[in-house]
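Take a look at the structure set out below.
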Amino acid sequence: MRPALVHHIGQLADDDLPAYLYDLPGLREHVRAVRAALPRRVDLLYAAKANSDPRLLQALAGHVDGFEVASGGEIRHVRGLFPEARIAFGGPGKTPAELAGALDAGVARLHVESEHELRTLTTVLGDRTADVLLRVNVPVMLRGVSLVMGGCPSPFGLDPAHLDRCLRIITDDGRIRLRGLHFHVASGLDARAHLALVAQVMAWADRWAHQQGTALAEVNIGGGMGVDYTRPDEVFDWAAFGVGLCRTLERHPRVTLRIEPGRSLTAYCGWYVTQVLDIKRSRSQAFAVLRGGTHHLRTPAAKQHDQPFEVIPDQSWQHSWPRPEVRGEPVTLVGQLCTPKDVLARRVMVDRLRIGDRIAFAMAGAYAWNISHHAFLMHPHPTFHHIDDLDTPVADAYAGRPA
Ligand SMILES: *Cc1c(COP(=O)(O)O)cnc(C)c1O
């Protein structure tokens, strides 16, 4: 953790905790490196559902080619912040109102998920046109990945057997332009596994285009670049991925590739900072009860992992009794919820942890606050801090609690 972030945490009052800290310079540097590793003929969209915090989106905006959104709410949010941004609208279960809203908002691409959705689109188009990609659930082989959305029975995308009917709808309608295909098949892939997936997907897309007698113009290969929560320092190998995509483009000189990562862009810039409220032992196992919990940071519960963390010792013990602590032994970090599922990290070794010490959970910038069940138990919400200039005093960086 950067010293300036540790300093900022030291400046926070107990009542400011739990707190989300967003390291905006760190985010900019990261996404700049990602963009630089990719060939120019690869469009980079950010999947807003990973974290749609406005200041994060603003930090990203100068470095990405646009945003992928998955609901009418995300369209309004992103369009409100960036009147000119390129937006691609994906996701299952689009309502007629969302499709009409997407056209009104001038989205650049619609990712069609089903035949019914395509027919619904024809009913809201009026005298407008739409540029679509058909999302296909391609038959691919995947091993050892965390979230699989394709290559198996799945509610996502079109079964290849239904593509012909969709093509007929598009041809008959005349207002819909088929720009290409979309594949978002899995999440949690390392660069090698992702490139292997890209190879399978492109081979399938080639065969399909050949059978249709058409040329492929655009292929969106989705997101899913892996984030390893057990190794916070080992980020997805964007350099190797860029080199691999370069080769793919050499074999497909007329194709524009597009990717839409979420987690791998914003996970690292967020920290969930809290404090040890209590330390206890049960049947010889140590537990630390923290302010807050999985109602603020659901990621470890959702993904069943230990959220990585750093301990920031606090010296301000003011009670007359001995300060409870654990030393050199495994401890389970739990939150304030009355459920055994409220676990942030399980039996993790610590050198020393005392009541009052602060804990900064790393990798809390994606699928963290925004996927959490904030209302459960009615505890106060965290405070939010966007650290932009790392020398900014706490009072200036302080953004307050959300309503
Ligand atoms: C969620 C999602 C993404 C982003 O996935 P990450 O694992 O966060 O990179 C991209 N495309 C689609 C269609 C998605 O549903």
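Heads up, the sequence shown is in full-length UniProt numbering, so the first residue is 1 and it goes up one at a time.
Glycine included, each C-beta is placed from N, C-alpha and C at the ideal position.
So, under 8 angstroms CB-CB, residue i and residue j are touching, yes? Tell me the CB distance rounded to an integer number of Å.
i           : j    : result
L249        : P39  : 6 angstroms
A33         : W238 : 7 angstroms
residue 408 : A286 : Since the first residue of the chain shown is 1 and the last is 403, residue 408 is not available in this structure.
R255        : A301 : It should be pointed out that residue 255 corresponds to Val in this sequence rather than to Arg. No, V255 and A301 are not in contact; Cβ-Cβ is about 40 angstroms, not under 8 angstroms.
L103        : A130 : 7 angstroms
V136        : L181 : 6 angstroms
I312        : A368 : Not really, about 19 angstroms apart at Cβ, beyond 8 angstroms.
R291        : Q336 : 7 angstroms
A48         : V69  : 5 angstroms
V276        : R354 : 7 angstroms
L110        : L125 : 11 angstroms between Cβ atoms; not a contact.
V132        : R177 : 7 angstroms
F241        : A191 : 4 angstroms
Let me know the secondary structure DSSP gives residue i once reduced to three states.
i           : result
G268        : It should be noted that the sequence gives Tyr, not Gly, for residue 268. Reduced to three states, the DSSP call for Y268 is helix.
P330        : strand
K280        : strand
F309        : strand
F361        : strand
R175        : coil
L257        : strand
V343        : strand
D131        : strand
H82         : In the sequence on display, residue 82 carries Phe and not His. Three-state DSSP puts F82 in coil, outside helix and strand.
D159        : coil
G66         : strand
V350        : strand
V34         : helix
T294        : coil
T95         : coil
L337        : coil
E113        : coil
V136        : strand
V124        : helix
L60         : helix
H182        : strand
D53         : coil
E45         : It is Leu, not Glu, that sits at residue 45 in the sequence shown. In the structure shown, L45 sits in a strand (DSSP, three-state: E or B).
A19         : strand
A102        : helix
Q285        : strand
A301        : helix
A13         : coil
A366        : coil
residue 410 : No information on residue 410 is available, as it lies outside the stretch 1 to 403 that the chain covers here.
V273        : strand
H385        : strand
A4          : helix
A403        : Because A403 carries a pLDDT of 39, less than 50, the predicted location of this residue cannot be relied on, and the following value inherits that uncertainty. Three-state DSSP puts A403 in coil, outside helix and strand.
V394        : Low confidence applies to V394: its pLDDT is 48, below 50, so where it sits in the model is not reliable enough to give any reading.
Flag residue i as yes when its Cβ comes closer than 8 angstroms to any non-hydrogen atom of ligand 3, and as no otherwise.
i   : result
R79 : You won't find ligand 3 in this model; what it holds is ligand 1.
Residues with C-beta closer than 5 angstroms to any heavy atom of ligand 1, in chain order: Checking every Cβ against the heavy atoms of ligand 1 under 5 angstroms gives A47, A50, G90, H184, S187, G222, G223, G224, E260, P261, G262, R263.
Pairing CB atoms from the stretch 57-77 with CB atoms from the stretch 371-385, are three or more of them under 8 angstroms? They do not touch, by the three-pair rule.
Touch check for the stretch 193-202 and the stretch 133-142: three-plus C-beta pairs under 8 angstroms? The stretch 193-202 is in contact with the stretch 133-142.
Would you call the stretch 219-236 in contact with the stretch 178-187, where contact means no fewer than 3 C-beta pairs closer than 8 angstroms? In short, these stretches touch, since the Cβ pair count reaches three.
Any contact of the stretch 229-236 with the stretch 302-318, i.e. 3+ C-beta pairs under 8 angstroms? Contact holds: three or more Cβ-Cβ distances are below 8 angstroms.
Measuring CB atoms only, is the stretch 268-280 touching the stretch 21-29, in the sense that at least three cross pairs come out at less than 8 angstroms? Yes: at least three Cβ pairs fall under 8 angstroms.
Would you say the stretch 163-170 touches the stretch 107-118, given that touching needs at least three Cβ pairs under 8 angstroms? Contact between the stretch 163-170 and the stretch 107-118 is present, because at least three Cβ pairs lie under 8 angstroms.
Is the stretch 339-349 in contact with the stretch 251-266, if contact means three or more CB pairs nearer than 8 angstroms? Contact between the stretch 339-349 and the stretch 251-266 is not established, with fewer than three Cβ pairs separated by less than 8 angstroms.
Within the stretch 184-244, note down every full alpha helix (DSSP H) run reaching 4 residues or more, in order along the chain. Fully enclosed alpha helix (DSSP H) runs of 4 or longer: 191-212.
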